[in-house]
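Since the structure comes first, as structure tokens, the remarks are kept for the end.
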DNA sequence: GCGATGGTTCGGTCTCCACCGAACTGTCAT
DNA sequence: ATGACAGTTCGGTGGAGACCGAACCATCGC
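Structure (structure tokens):
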């Protein structure tokens, strides 16, 4: 009984329709801007701002400033599971969602996340590069080692210059572990598309790993995917 | 977004500290009286009454009238899971609970529920008696057949007379299937204790199945438990 | 019958909070 | 610089609801 106040506080946050709509809009793991969430919540931007402040304060959401935009996303997979379990009790239809979407198998296997690779493939690449000592991911950024730069140059995926962050871990909503975002992630993805290792599928963010890609990922990264 | 109002309504119910305390008190699957819940919630009985009405109205709790008492319990295992997932996010210590209590293995195996047997043993006994055509359980009561009376007489567990309900299914919170309550359940449990088939453990409602009991349950009921 | 006890309903108070209009800060573009 | 846009802070309003005192209904025990 001692720490029930804490769960009541969390539940109360979800107990407001506007905030519930916000959480629902984020349930698929995307990161959305405050304005989009205001639209989803069907309340004014000012009100939304207050809601978002409370939700991030309570660590249900995380923010990511990017220029004049602020991107909000679910703080952890636990939060998504919580929402789903409440939906189950509320008798709501569980929409396409991170953990429980039967038709999402291709998406979980490999997909694009903005302009970089995600899903099992994205996480596997991040793991491979980390394990070989090419990159070092930390919560607030990522470093590329000397050997890593050589490897990337050789692979043909050297990121260009730009003011965008160079390398950043991005929490993968289906795998719940980080994959590589930033200029490096974009360069890697771009090179994989150029090599014909992966191919976009129609009307979806899922990507297919081609036969050539299968051997290529295995040879260059030691990555083999069952799917 | 369409059915988010429903989840907001559920969450709002849990968002009140008093109601959260009530739910927490019921989290272990027991059925408690309104007055006990008022104490747990730390509010007056009148206020508690209102809360309980709302919670049952929303199908988070079920009531069971018994004389002038009303016993409340969680409406379904889904509700318990929901509470636990919220606790996980809220960072609260998860107390002994139905689905996720590592130390509860003995309790899940065999325990007393008021004065009758529950857990895997209790459910197995109910199944055995049902399958052999000795009893027939229905949601609102239970019947004992001719053969069943003979069996019980032979076993030495014929229930005495009394105004208490004779035979009633009682939803087992760990097995999520009914075991036998009522005078019949009490008589069965009493006989099992007398025969030395089961023994109470200190400071807990868990009971141990003795070696004699193991062979006895197998011989008379065809019941064998792995634990 | 009687009082005692568990539980509910009613009425009124009081606090909390979602909401928006208006004004403000900061970033991007030209 | 200037305007456009994203987002926040502030102040005030209105409604929802948690709470309890008091009265009421039902059941139990004698």
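Chains as they are written, first to last, in the numbering used here: chain A, 1 to 227; chain B, 1001 to 1227.
All C-beta atoms in this analysis are idealised placements derived from N, C-alpha and C, irrespective of residue type, glycine included.
Check, Outcome
"Using a Cβ distance threshold of 8 Å, determine whether the stretch 1004-1019 of chain B contacts the stretch 1035-1043 of chain B, with at least three qualifying pairs required.", "yes"
"Determine whether the Cβ of residue 15(A) lies closer than 7 Å to any Cβ atom of chain B.", "yes"
"Considering Cα atoms alone, identify which of 1214(B), 1206(B), 1185(B) and 1220(B) is closest to residue 1105(B).", "1206(B)"
"Buried or exposed: residue 1134(B), going by 16 or more other Cβ atoms within 10 Å of its Cβ?", "buried"
"Apart from the five residues on each side of it in sequence, which residues of its chain come closer than 7 Å, Cβ to Cβ, to residue 1222(B)?", "1128"
"Answer yes or no: do residue 189(A) and residue 117(A) have a C-beta to C-beta separation smaller than 7 Å?", "yes"
"For residue 1048(B), does the count of other Cβ atoms within 10 angstroms reach 16, so buried, or fall short, so exposed?", "buried"
"Please list, in chain order, the chain A residues whose beta carbon lies closer than 7 Å to that of residue 1081(B).", "85"
"With a threshold of 7 Å between beta carbons, is residue 1005(B) in contact with chain A?", "yes"
"Secondary structure at residue 1182(B), three-state DSSP: helix, strand or coil?", "helix"
"Apart from the five residues on each side of it in sequence, which residues of its chain come closer than 8 Å, Cβ to Cβ, to residue 9(A)?", "58"
"Name the two residues that bound the continuous alpha helix (DSSP H) containing residue 1153(B).", "1146-1155"
"What are the residues that DSSP puts in a beta bridge with residue 1071(B)?", "1033(B) and 1064(B)"
"What separation, rounded to the nearest whole angstrom, lies between the Cα atoms of residue 1202(B) and residue 1111(B)?", "12 Å"
"Could you round the C-beta distance between residue 123(A) and residue 184(A) to whole angstroms and report it? I think they count as a contact, below 8 Å.", "Their Cβ separation, rounded to whole angstroms, is 15 Å, which puts residue 123(A) and residue 184(A) out of contact at 8 Å."
"Quick one: what's got a C-beta closer than 6 Å to residue 1228(B)'s C-beta in the same chain, skipping five residues either side?", "Residue 1228(B) falls outside the range modelled here, since chain B spans only 1001 to 1227, and no answer is possible."
"For residue 165(A), name the three-state secondary structure that DSSP assigns.", "coil"
"In whole angstroms, what is the alpha-carbon distance linking residue 1024(B) and residue 4(A)?", "7 Å"
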